[in-house]
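Under our numbering, the final residue of the sequence shown carries the number 1199; numbering is consecutive throughout. Idealized CB from N, CA, C, for every residue including glycine. It should be emphasised that the depicted structure is a prediction, and the values quoted were computed from it without experimental measurement. Have a look at the structure below before the remarks.
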Amino acid sequence: MSVQEMFAVLGIGVTRDEDEIRTAYRNLLVKTNPEDDPEGFKRLRGAYEEALAYARTPEQDDAVLEAEWMEEKGPAGEVLRQLADIYVSLPRRLDLEEWKALVKHPVFQSLDGSEAAKWGMFSYLADHYRVTCKVWQLLDEVFFIGENEQEFREHLPDGFIDFILYKVNDKTGNSDFAFELFEGEPEADYDGFVETYTALMNEADESPEGLVKAKQMLEKLESFDVFHPWCEVEKARYLLRTDEKERAESVAREVLGKYGKDDKVLLTGAGILLSCGYPEEAEHIYDGYLEREKGKRSNFGNYTALLGLGKIHMKREDWEKARELLVDARDYQVTEELEKLLEETNQALTEKYLAKADSLTEEEAKNLCLCFSSLNRAEEGWEFFEKHPEYEWNTLDWHRAMTFLAANAGQFQIAIDRAGLWRGFVEAEISEENQKAAENMDNDSEAAEEHEQELDRLKRGMARSWHLEACSYGSLFRKLDEDDEEQKEEREALYAKAMEAHDKSIELVETEVEFRMRKMMLLRDKKEHQSVVDQCEKILELDSQFFWACAYMQEAYENLRMAQEVVDTFYRAKAIYAGNAEIYLRALRVFKAFDQYEDALNIITQAEEAGVDNLKLMVEKIGILDHVVDDEEGWQEADDYAKAVIERLERENVEPEMLADAYLKRAYLNDTGDKKNKNKELRLDKELAEKSLELSDTTACRYYLGRYYIEHGNDAKKAYDHLKICEERGMDYEWMYFYIAQCHEKFREWDKAIEYYKKVAEVNPEFRDCYWRIGWLYRTKFNRTLQQEYADKALYYINLQGEKFGEIPDHNRRRSFIYLRMKEYDKALEEIEKGLEKDPDCGMWFQKGQIMRALGKYDEAIECYENSIKSEDRYGEDDETCYDRIFKSFLRQKRYDEGIAYFKKVMEAEEKKNVDIWDKCMYALSNLEGDRGNIEQALYWLEKRYGSVDLHRRVNDSWEREADRIEDVMDIWLIFKDSTEEEIEQKCQEAAYLGYEAMEDLSGKAEDRAVVCQNVGEAFFALGDFETARKFLERAREISKMVDDYDYSRSLAEYLMKTYYWLKEPELAEIAGNLYRKEVEKDFEECSDLGLDMETLLTRTSTQSKQLLYKLFCWAFYTGQNDRAHSYAKMMEEREMCWWCDEEGCTELWEIKGLEAMLNGDREAAITAFTRADQFCWLGGVREARMIMRRLEKERDRT
1 MSVQEMFAVL
11 GIGVTRDEDE
21 IRTAYRNLLV
31 KTNPEDDPEG
41 FKRLRGAYEE
51 ALAYARTPEQ
61 DDAVLEAEWM
71 EEKGPAGEVL
81 RQLADIYVSL
91 PRRLDLEEWK
101 ALVKHPVFQS
111 LDGSEAAKWG
121 MFSYLADHYR
131 VTCKVWQLLD
141 EVFFIGENEQ
151 EFREHLPDGF
161 IDFILYKVND
171 KTGNSDFAFE
181 LFEGEPEADY
191 DGFVETYTAL
201 MNEADESPEG
211 LVKAKQMLEK
221 LESFDVFHPW
231 CEVEKARYLL
241 RTDEKERAES
251 VAREVLGKYG
261 KDDKVLLTGA
271 GILLSCGYPE
281 EAEHIYDGYL
291 EREKGKRSNF
301 GNYTALLGLG
311 KIHMKREDWE
321 KARELLVDAR
331 DYQVTEELEK
341 LLEETNQALT
351 EKYLAKADSL
361 TEEEAKNLCL
371 CFSSLNRAEE
381 GWEFFEKHPE
391 YEWNTLDWHR
401 AMTFLAANAG
411 QFQIAIDRAG
421 LWRGFVEAEI
431 SEENQKAAEN
441 MDNDSEAAEE
451 HEQELDRLKR
461 GMARSWHLEA
471 CSYGSLFRKL
481 DEDDEEQKEE
491 REALYAKAME
501 AHDKSIELVE
511 TEVEFRMRKM
521 MLLRDKKEHQ
531 SVVDQCEKIL
541 ELDSQFFWAC
551 AYMQEAYENL
561 RMAQEVVDTF
571 YRAKAIYAGN
581 AEIYLRALRV
591 FKAFDQYEDA
601 LNIITQAEEA
611 GVDNLKLMVE
621 KIGILDHVVD
631 DEEGWQEADD
641 YAKAVIERLE
651 RENVEPEMLA
661 DAYLKRAYLN
671 DTGDKKNKNK
681 ELRLDKELAE
691 KSLELSDTTA
701 CRYYLGRYYI
711 EHGNDAKKAY
721 DHLKICEERG
731 MDYEWMYFYI
741 AQCHEKFREW
751 DKAIEYYKKV
761 AEVNPEFRDC
771 YWRIGWLYRT
781 KFNRTLQQEY
791 ADKALYYINL
801 QGEKFGEIPD
811 HNRRRSFIYL
821 RMKEYDKALE
831 EIEKGLEKDP
841 DCGMWFQKGQ
851 IMRALGKYDE
861 AIECYENSIK
871 SEDRYGEDDE
881 TCYDRIFKSF
891 LRQKRYDEGI
901 AYFKKVMEAE
911 EKKNVDIWDK
921 CMYALSNLEG
931 DRGNIEQALY
941 WLEKRYGSVD
951 LHRRVNDSWE
961 READRIEDVM
971 DIWLIFKDST
981 EEEIEQKCQE
991 AAYLGYEAME
1001 DLSGKAEDRA
1011 VVCQNVGEAF
1021 FALGDFETAR
1031 KFLERAREIS
1041 KMVDDYDYSR
1051 SLAEYLMKTY
1061 YWLKEPELAE
1071 IAGNLYRKEV
1081 EKDFEECSDL
1091 GLDMETLLTR
1101 TSTQSKQLLY
1111 KLFCWAFYTG
1121 QNDRAHSYAK
1131 MMEEREMCWW
1141 CDEEGCTELW
1151 EIKGLEAMLN
1161 GDREAAITAF
1171 TRADQFCWLG
1181 GVREARMIMR
1191 RLEKERDRT
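Dropping the structure here:
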């Protein structure tokens, strides 16, 4: 088709704008029904695809390009011109020899031009396709269209290929238009005439609008300079529909007189005469047609004649004869009109016979029996004959009729018995017929032919009896439960009998499609999928246009998981009938299974183009659009489509499951985590999924909600509840296990999380996230417990992920993290250097800073932290953490001036742009000034940081901020300032004002109020006012119970335990001590996999042993277990410094020595030990150590 032609069909100017082409196509598609106007649809589709191809060609001079499209040069061009010459001349077009000569052209055998010539020829034929079946069959023989179907589909429109295959498979040529009846010039517009005639047949119905269309099209047909008798027949039909019977009769008689040898003219003319009131003439024509030799009649002709005769006898109320004729018509074609006429006839006969129920002849009883079966009143019929046992004859016809009735009434065993009796009579008749033939062996050929015809009739009856027996055995087979072991043997026996009977019916009449279909359906019920395929292929050999054989074969291929065959069979089925939704759905499922969503969308587009209006396909389209839209505009169109589909489903009151599926698919389209449309309504996906769940509690919906709550809803409990239901229902999906593992992480159930991540790896070994999560969790367990086994497992999974998916820089950082905590500093440094070579991000530099600090290389550590601040943040720490480490590095070396100058410079550079960094700087400055004894400057920075150092009044809206202020201000008086006890008490009393206010402020956040009370209590504890400390600490405990997971529960339990000890309340100290011990054990609750008891876990050697043993010592000491406390102290003295500690001595160890000296009554040794503990503390001193020293010094002074 030329450029101008293709765009003329689309109704737009020549353009390379694909969107404009698609819009024009869609607008015309709405007006072009592929079932009503298949040729117009194919032309439109061809223009659309060629226009897209044109749009995608490189830009060049349009005139040159159009010339190339319209006329090829060289041998290929010569062939195309010959082709055009043949086509435009009707006599040549109908001459098969012309086409044979064309395809023998040398260009088709050449290496250079054959492809161009072939595709040029078929491109021409895509627009000029009105040639005979024999021509298409010739082209198939030469170019192997059927064998190379996929290649042809790649070059040419799908609709055109479907059309070719249909014509190739029509061996009778019945689908050809009767071009030979044309009268006119050789090069007249015959295609235009046929296109208009086809539209007349498809569009002109009995409605008023249809009659208007018919008139217009008949007038258009008159405008062509050609004549065809079929057009005259349609004129007569139009006149008949407009009540111009006389004119209709006249036109019909005239065309019958001239063209009565044409079957369409003859039979349609007879129908017109019948409608005009001439039944005898019509009957004469129909009878004459049926008297022809068998080879001179078509199936359609037989059907039309028998149908017409049936109508004639119905008007005469000769119901028995009418029924006989209509049943015979059914052998040739089944139409809605025929079924209605049969129903009317059967109804009339039934009423007639029931009116004389007690006096029926055998023939009447037999007919009544058959009528009951045909009217779906078989059960009523069975009851009737049970009440009339007198109607029983031992004849072939009677047993045949009763076999049908019993089978339709569900009396399957009786149907089987009757079928056997029926066969007995058939066998007798066959024997008798053979004997007759033997006695008349010298008879002429006509008698021999009659004998063969009679034998064929009897064999068909025999086959039908086996068929009904097979169907009855099949029905009994289906009634038994396939899952019931007790019925298994009986079920298998029935299946075997049914198959045996099916085989016998097919053996007798191999060409009967119905017999093979029923056998295939039984194989389908037995799930013998390959046998279903084989049987369908045999059916298609008998009738290549039998749609259901293709459809069920596609279903079997799907069950066999033969994806390509499912798709191939889809195109095969679609070529026969494009209006069945199920074939599209199966092809769709294949493409979805392989994540080929563009191909899946193409299947849906084909369904839409074929006019398939199916709700399931619409719902599926929502899900597919979710995968293919890639921008905001596409997403909006998809969501609008989804809304419209849901509205229609609700209007049509579909089953809840389908509506639920649509809601869920729209939920995925609106996924909160999807970035296709940033302006979409947040949490709409959750609402849609919850609506889906209300309609139908599906596993898919539970999974979606589980995923939503863990990924976006921040509710692990809800996520877990949904996902566990999925698991209980048998869902075995890696992402489900992954999200359950995430829930367990949120619950801090590390072992269960690891277990589920391992399930992820079992289901999908290539799921990369599961390995690093397992490694991460083992690293987390190691970080909390510092148990060597967890370090080894963490390293194993980090290395495993690197082996499976390739090393990344973060693997080096993770390994370095573990080695640092194992105190294997060389390995830690080696790994981080490797990581920095690959990706010097802020996390890498921070980790190196940690290593340098552990090695005591503070200047290098500071440099690393600074590099971390400057570098891109992909994996690592925030800037405030880096500044905190820089502060500690300066403080550890007592380099106050440098540290103060550094943080002042940072504040000048930031200019309050980052409030968090300013806050961290002021924290560092106040502590540096305080540690060097410049209390006035320390208080200056605190006042600048918080607004005031006066604790009489609240200055921050947040209690969290007030809690920090109380702690930092009290540190000045308790640690940095050489305060008297009275000064400390005065400041504690100020803090108490804030404590009381926090207690009473019920509107405040409970956790923050609890921290305020705890900080005030700790200040009074450091003062040595244990009664007041108790009051605030107990109130902090009460408030903290309102919080699910209070962050300071361990330190609160510790201070309560110590407070009760100093108050000499050992029972309360023990209760608080047990709480404290539980808090200490929390980090080790997930260590059951090591097979060790808790005491062993807490006391075994690790790089944090000193810290753990100090906590155990405190627990034992303050709860009165002195011997146990001493054993912990002894172990602690033997262990190395903790991995994070860079102090010269262990503060905690000197505290323990002080407490043990107290127990031994050695006051001076205790004071010396607490003094040492205070000196070794990295920041100013130890509150508790100073409190105890003051008490000991007072005792000394008193004595």
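Measuring CA to CA, which of D95, G113 and R93 is closest to E78? Here residue 78 refers to the residue found at position 78 when the sequence shown is read from its first residue. When each option's Cα is compared against that of E78, the closest is G113.
By Cβ distance, which residues of its chain are closer than 7 Å to F1020, with the 5 residues on each side in sequence left out? Here residue 1020 corresponds to residue number 1020 of the sequence shown, with the count starting at 1. Answer for F1020: C988, T1028, A1029 and F1032, listed in chain order.
Can you tell me which of the three DSSP states E379 falls into? Here residue 379 refers to the residue found at position 379 when the sequence shown is read from its first residue. Helix, per DSSP.
How would you call V212, buried or exposed, if buried means at least 16 neighbouring beta carbons within 10 angstroms? Taking the sequence shown and counting its residues from 1, one reaches residue 212 at position 212. Label assigned to V212: exposed.
Per DSSP, what kind of secondary structure is V955 in: helix, strand or coil? Here residue 955 refers to the residue found at position 955 when the sequence shown is read from its first residue. In the structure shown, V955 sits in coil (DSSP, three-state: anything other than H, G, I, E or B).
Taking only runs of the alpha helix (DSSP H) that begin and end inside the region 767 to 853, which ones reach a length of at least 4 residues, in chain order? 768 to 785, 788 to 805, 809 to 821 and 825 to 838
Around the C-beta of N394, are 16 or more other C-beta atoms found within 10 angstroms, so that it is buried, or is it exposed? For the purposes of this step, residue 394 is identified with residue 394 of the sequence shown, where counting begins at 1. Exposed, since its Cβ has fewer than 16 Cβ neighbours within 10 Å.
Tell me whether R729 is buried or exposed, calling it buried when 16 or more other Cβ atoms sit within 10 Å of its Cβ. As a position in the sequence shown, residue 729 is number 729, starting the count at 1. Burial call: exposed.
Taking 8 Å as the limit between beta carbons, can you name the residues of its chain near E20, skipping five residues before and five after? One-based indexing of the sequence shown puts residue 20 at position 20. Around E20: I12.
Residue(s) in a DSSP beta bridge with A184: As a first step, residue 184 is located in the sequence shown; it is residue number 184 there, counting from the start. It should be pointed out that residue 184 corresponds to Gly in this sequence rather than to Ala. DSSP lists V226 as partners of G184.
What does the alpha-carbon distance come out to for the pair A24 and V135? As a working note, residue 24 is residue 24 in the sequence shown. As a working note, residue 135 is residue 135 in the sequence shown. Their backbone Cα atoms lie some 34 Å apart in a straight line.
Using 8 Å as the threshold, is the region 908 to 918 in touch with the region 932 to 940, meaning 3 or more CB pairs across them? no
Whose C-beta lies closer than 6 Å to the C-beta of L777 among residues of the same chain, with five residues either side of it excluded? Sequence index remark: in the sequence shown, residue 777 carries index 777 (1-based). These residues qualify, in order along the chain: W750, A753 and I754.
Please report how far the alpha carbon of E68 lies from the alpha carbon of L682, in whole angstroms. For the purposes of this step, residue 68 is identified with residue 68 of the sequence shown, where counting begins at 1. For the purposes of this step, residue 682 is identified with residue 682 of the sequence shown, where counting begins at 1. Annotation note: pLDDT 45 at E68 (below 50); position unreliable, no value reported.
Express the C-alpha separation of M907 and Y946 in angstroms, rounding to a whole number. In the sequence shown, counting from the first residue as 1, residue 946 sits at position 946. In the sequence shown, counting from the first residue as 1, residue 907 sits at position 907. One C-alpha to the other measures close to 16 Å.
Sub-9 Å separation of S1040 and A1010 beta-carbons: Translated into positions along the sequence shown, residue 1040 becomes position 1040. Translated into positions along the sequence shown, residue 1010 becomes position 1010. Contact flag set, yes.
C133 (DSSP reduced to helix, strand or coil): Stepping through the sequence shown from its first residue, residue 133 is reached at position 133. Three-state DSSP puts C133 in a helix.
Residues of its chain near A1154, where Cβ-Cβ distance is below 6 Å and the 5 sequence neighbours each way are ignored: By 1-based counting over the sequence shown, the position of residue 1154 is 1154. One detail in the question is off: residue 1154 reads as Gly in this sequence, not Ala. Excluding sequence neighbours, G1154 sits near A1166, A1169 and F1170.
What does a CB cutoff of less than 6 Å around E429 pick up in its chain, not counting 5 residues either side in sequence? By one-based count along the sequence shown, residue 429 stands at place 429. L458.
Is DSSP giving I12 helix, strand or coil here? If you number the sequence shown from 1, residue 12 lands on position 12. If DSSP states are grouped into helix, strand and coil, I12 belongs with coil.
Would you give the residue range spanned by the alpha helix (DSSP H) that F152 belongs to? Reading the sequence shown from its first residue, position 152 is the one you call residue 152. Start and end: E149 to H155.
Euclidean distance between Cα positions of D1083 and Q788: Within the sequence shown, residue 1083 is the residue found at index 1083, counting from 1. Within the sequence shown, residue 788 is the residue found at index 788, counting from 1. If I take the Cα positions, the gap works out to 15 Å.
Span separating the alpha-carbon of Q60 from that of M6: In the sequence shown, residue 60 corresponds to position 60, counting from 1. In the sequence shown, residue 6 corresponds to position 6, counting from 1. Low per-residue confidence applies at Q60: pLDDT is 40, beneath 50, and the placement is therefore not dependable, though the value from the model is reported in the following sentence. Going from the Cα of Q60 to the Cα of M6 covers about 18 Å.
Do Y771 and K793 have their beta-carbon atoms positioned less than 9 Å apart in this structure? In the sequence shown, counting from the first residue as 1, residue 793 sits at position 793. In the sequence shown, counting from the first residue as 1, residue 771 sits at position 771. No, Cβ-Cβ distance for K793 and Y771 is not below 9 Å.
Residue environment, A409, which counts as buried when at least 16 other CB atoms sit within 10 Å: Residue 409 sits at position 409 when you count from the first residue of the sequence shown. Buried, by the Cβ-count rule.
Helix, strand or coil at D176 [DSSP, three-state]: In the sequence shown, the residue the question calls residue 176 occupies position 176. Three-state result, D176: coil.
Coil, strand or helix - Y571 by DSSP: One-based indexing of the sequence shown puts residue 571 at position 571. Note: Y571 maps to helix in three-state DSSP.
Under 8 Å by Cβ, that's how I've got L723 and C743 pegged, so tell me the actual separation to the nearest angstrom. Within the sequence shown, numbered from 1, the residue matching residue 723 stands at position 723. Within the sequence shown, numbered from 1, the residue matching residue 743 stands at position 743. The Cβ separation is near 7 Å, so the contact holds.
Let me know if R953 comes out buried or exposed under the rule of 16 or more other beta-carbons within 10 Å of its beta-carbon. Mapped onto the sequence shown, residue 953 falls at position 953. Exposed, since its Cβ has fewer than 16 Cβ neighbours within 10 Å.
List in chain order: all unbroken beta strand (DSSP E) runs of 3+ residues lying wholly within the region 940 to 1006. none
With distance defined between alpha-carbon atoms, name the residue in E281, E598 and F152 nearest to L125. As a position in the sequence shown, residue 125 is number 125, starting the count at 1. Considering only alpha carbons, the answer is F152.
Out of E362, A55 and G74, which has the shortest C-alpha to C-alpha gap to A117? Start at 1 with the first residue of the sequence shown, and residue 117 comes out as number 117. Minimum Cα distance to A117 is reached at G74.
Out of C726, R478 and M618, point me to the one whose CA is closest to E492's CA. Here residue 492 corresponds to residue number 492 of the sequence shown, with the count starting at 1. E492 has its Cα closest to that of R478, out of C726, R478 and M618.
Starting from the C-beta of V107, find all residues in its chain whose C-beta is less than 8 Å away, skip the five residues before and the five after it, and write them out in chain order. Within the sequence shown, numbered from 1, the residue matching residue 107 stands at position 107. Closer than 8 Å at Cβ, skipping near neighbours: P75, A76, E78, V79, G113, S114 and A117.
Inter-residue spacing [alpha-carbon to alpha-carbon] between Y1118 and Y1061: Sequence index remark: in the sequence shown, residue 1118 carries index 1118 (1-based). Sequence index remark: in the sequence shown, residue 1061 carries index 1061 (1-based). Their Cα atoms are separated by approximately 6 Å.
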